[in-house]
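Novice: Be aware that the sequence shown starts at 330, since it is given in our numbering, and climbs by one per residue.
Handing you this structure, nothing more for now.
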Amino acid sequence: MFRRPVLLILLLLLLAAGGGTLWLAAFPPPVTPVPVERLLPNDRFQVR
330 MFRRPVLLIL LLLLLAAGGG TLWLAAFPPP VTPVPVERLL PNDRFQVR
């Protein structure tokens, strides 16, 4: 059917990767909110 089926498979993989990238760019996954951790003071290296 095709003279070079390997090139056809590579072309289809590249098209699928490009389509997946465009899909993720158009419809990004939802971001789950994460609470911000408070920084604790580091007393170990302070001069006394």
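Where a beta carbon is used, it is the ideal one built from N, C-alpha and C, also for glycine.
(1) Cα separation between ALA346 and ARG367?
(2) For the stretch 351 to 376, which segments carrying the alpha helix (DSSP H) assignment without a break, of at least 4 residues, lie completely within its bounds, in sequence order?
(3) Using only the alpha-carbon positions, how far apart do ILE338 and ARG373 sit?
(4) Starting from the Cα of PRO358, find the closest Cα among PRO364, VAL365 and THR350 and give me that residue.
Specialist: Inspection of the coordinates gives the following:
(1) 40 angstroms
(2) none
(3) 60 angstroms
(4) Closest in alpha carbon position to PRO358, among PRO364, VAL365 and THR350, is THR350.
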